[in-house]
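The structure appears right after this line, and notes come after that.
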């Protein structure tokens with residue numbers, strides 16, 4: 045199961061175990077059960093603190109592996125073979141069960157320990173999903189800290205009947221005590237807000253008590269990260285508030301045009317970005333959504349950002365780097381079947397449609413790349429492009445046309461998503477060349493039609509937006525509001541690329557610093 049290099053690395057990690065760990069296997073006669081057995085045996089051979097035992101119970105999924113401290117009831121279970129993106133989840137479960145410190149702030153750990161009740165979490169994942177490990181690892185940490193929390197990671201590909209019965213068409217899908225709890229990426233802090241009713245109010249109060257920043261960056265993508273680093277290097281008080289660190293990059297797999305880095309993927313780049321920011325004295329506040337921008341005259345000389353939870357943060361300058369989100373089709377049925385056949389991440393959700401017919405909406409690079417990726421998993425892919433020709437790079441078009449199970453339709457306007465009340469069954473589209481209407485029978489629809497800037501919250505802020513909803517900025521990143529700057533995909537800067545977003549973030553940050561040294565501090569903060 046593990047090559048020599050992985051064994052060497054894992055053996056080094058397992059040296060951090062300080063107390064015995066018990067692995068308990070519950071197996072059937074499947075090939076995957078044999079793979080899981082080999083994996084467990086290899087782990088046992090790498091540490092004298094890991095012991096392997098067997099269970100034969102129909103009340104526990106087969107094949108599965110329980111991980112826990114020896115002598116204690118195991119509260120972490122992997123139903124399936126935790127390889128691919130989930131191998132890190134397994135390694136962390138081993139370390140934490142073995143007494144290695146959990147890298148979560150002590151107040152958060154105490155909040156987890158204080159939770160009262162029984163919490164049985166089930167997480168349906170696919171091993172190709174880059175968003176799933178974050179959820180699995182967050183819940184596993186909770187199980188390690190609180191005896192009332194039990195967590196089972198379930199590889200949907202190995203338990204298709206459960207996927208069918210629960211009509212799961214998007215991962216990660218999290219169930220709590222048998223009821224749907226969350227779909228898609230969800231962080232530890234978001235989980236705690238949902239299970240601890242008083243958490244949001246306490247958090248909002250703590251945020252509102254923070255002193256004003258010299259530069260408050262709103263957004264944690266490449267532009268926001270670059271802005272924060274450049275500001276911190278100037279020695280000014282810097283804060284970053286964001287829904288999640290990394291933004292859209294976290295959902296990007298192959299990155300091959302970031303100069304000096306031949307190839308990487310989104311999750312790796314996000315981890316590097318976050319670590320680089322944290323190397324400086326930057327106050328990073330994630331899982332926070334900006335709701336309103338309040339200009340300086342209304343906020344005591346500072347520009348203020350009100351968050352969705354009611355907290356208010358202030359800055360002498362504010363830099364907006366809220367990025368963009370996937371554009372939706374805006375047709376009947378799309379919202380009704382979102383997460384039930386309508387998807388936006390082929391890497392995450394593609395394995396759930398193995399052997400089925402799917403459609404990709406959009407003929408740009410993202411759409412054709414998605415079709416190529418899906419073609420290796422699903423029965424067939426139909427690409428629907430509104431224009432008379434594809435917009436993807438020629439090399440991608442050639443690859444797609446060479447694959448026998450990809451069909452390309454141009455001048456195809458999707459008009460409706462069709463379903464049976466529980467899941468997608470097809471879509472209607474109009475052939476724009478002749479006006480005829482057609483229906484496609486499908487199990488899944490992957491929407492890949494570009495991005496929309498995240499500026500809805502700025503409509504009444506005084507910040508000038510373009511006709512496309514982008515923030516208009518000058519060459520220094522200054523917006524139409526004094527002391528407010530912007531950078532990255534949320535602005536009208538052309539060419540939405542990671543490297544361009546970083547450059548504009550650095551430029552806008554320097555513009556903000558230039559503004560600060562030429563502008564007196566607000567009277568209420570003067571010495």
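In our numbering, the protein residues as written are 45 to 571.
Beta carbons are placed, not taken as given, at the ideal position from N, Cα and C, and that holds for glycine.
All values reported here derive from a predicted model rather than from experimental measurement.
For residue i, name the three-state secondary structure that DSSP assigns.
{"i": "residue 473", "result": "strand"}
{"i": "residue 595", "result": "There is simply no residue 595 to check, as the chain begins at 45 and stops at 571 in what is shown."}
{"i": "residue 532", "result": "helix"}
{"i": "residue 95", "result": "strand"}
{"i": "residue 290", "result": "coil"}
{"i": "residue 194", "result": "strand"}
{"i": "residue 57", "result": "helix"}
{"i": "residue 573", "result": "No statement about residue 573 is possible, as the shown extent of the chain runs from 45 to 571 and does not include it."}
{"i": "residue 445", "result": "helix"}
{"i": "residue 52", "result": "helix"}
{"i": "residue 152", "result": "helix"}
{"i": "residue 396", "result": "helix"}
{"i": "residue 415", "result": "helix"}
{"i": "residue 315", "result": "helix"}
{"i": "residue 452", "result": "strand"}
{"i": "residue 124", "result": "coil"}
{"i": "residue 571", "result": "Low confidence applies to residue 571: its pLDDT is 40, below 50, so where it sits in the model is not reliable, and the reading given next is rough at best. If DSSP states are grouped into helix, strand and coil, residue 571 belongs with coil."}
{"i": "residue 421", "result": "coil"}
{"i": "residue 440", "result": "helix"}
{"i": "residue 299", "result": "strand"}
{"i": "residue 310", "result": "helix"}
{"i": "residue 387", "result": "strand"}
{"i": "residue 201", "result": "helix"}
{"i": "residue 159", "result": "coil"}
{"i": "residue 224", "result": "strand"}
{"i": "residue 237", "result": "helix"}
Residues in the same chain with beta-carbon distance under 6 Å from residue i, minus the five sequence neighbours each way, listed in chain order, please.
{"i": "residue 251", "result": "355"}
{"i": "residue 281", "result": "257 and 258"}
{"i": "residue 105", "result": "123"}
{"i": "residue 233", "result": "331"}
{"i": "residue 452", "result": "427"}
{"i": "residue 151", "result": "none"}
{"i": "residue 184", "result": "120, 137 and 195"}
{"i": "residue 329", "result": "285"}
{"i": "residue 399", "result": "423"}
{"i": "residue 494", "result": "371"}
{"i": "residue 58", "result": "90 and 91"}
For the alpha helix (DSSP H) containing residue i, list its first residue and its last residue.
{"i": "residue 180", "result": "176–189"}
{"i": "residue 133", "result": "131–141"}
{"i": "residue 557", "result": "542–561"}
{"i": "residue 66", "result": "No alpha helix (DSSP H) holds residue 66; the beta strand (DSSP E) holding it covers 65–70."}
{"i": "residue 217", "result": "No alpha helix (DSSP H) holds residue 217; the beta strand (DSSP E) holding it covers 217–220."}
{"i": "residue 79", "result": "75–89"}
{"i": "residue 393", "result": "390–393"}
{"i": "residue 629", "result": "Within the shown structure, residues of the chain are numbered from 45 to 571, placing residue 629 beyond reach of any answer."}
Counting only the same chain and skipping the five closest in sequence on each side, list residues whose C-beta sits under 7 Å from that of residue i.
{"i": "residue 443", "result": "416"}
{"i": "residue 239", "result": "159 and 163"}
{"i": "residue 132", "result": "177"}
Please go through the same chain and pick out, in chain order, the residues whose beta-carbon is closer than 8 Å to the beta-carbon of residue i, but skip the five residues on each side of it.
{"i": "residue 46", "result": "54, 83 and 86"}
{"i": "residue 306", "result": "300"}
{"i": "residue 115", "result": "64 and 66"}
{"i": "residue 511", "result": "none"}
{"i": "residue 479", "result": "none"}
Rounded C-beta distance between residue i and residue j? I'm assuming under 8 Å.
{"i": "residue 545", "j": "residue 267", "result": "4 Å"}
{"i": "residue 196", "j": "residue 113", "result": "Not quite, the Cβ-Cβ distance comes to about 17 Å (not below 8 Å), so this is no contact."}
{"i": "residue 109", "j": "residue 68", "result": "7 Å"}
{"i": "residue 265", "j": "residue 292", "result": "7 Å"}
{"i": "residue 207", "j": "residue 396", "result": "7 Å"}
{"i": "residue 405", "j": "residue 373", "result": "6 Å"}
{"i": "residue 507", "j": "residue 524", "result": "6 Å"}
{"i": "residue 468", "j": "residue 489", "result": "6 Å"}
{"i": "residue 352", "j": "residue 340", "result": "Going by Cβ atoms, the distance from residue 352 to residue 340 rounds to 22 Å, so no, they are not a contact pair."}
Kindly indicate the opening and closing residues of the beta strand (DSSP E) around residue i.
{"i": "residue 323", "result": "Segment: none, residue 323 is in no beta strand (DSSP E) and carries neither H nor E."}
{"i": "residue 112", "result": "108–113"}
{"i": "residue 164", "result": "163–169"}
{"i": "residue 463", "result": "456–463"}
{"i": "residue 430", "result": "That residue, residue 430, is in no beta strand (DSSP E); it is neither H nor E in DSSP."}
{"i": "residue 283", "result": "282–285"}
Segments of 3+ residues assigned as beta strand (DSSP E) that fall wholly inside the segment 335–380
347–351, 356–364 and 368–370
Worksheet entry | Unbroken stretches of the beta strand (DSSP E), 3 residues or longer, contained in the segment 475–519 | 481–485, 488–491 and 495–497
Write down every uninterrupted run of the alpha helix (DSSP H) in the segment 240–271 whose length is 4 residues or greater and which is fully enclosed by it, in chain order. Runs found: 243–252.
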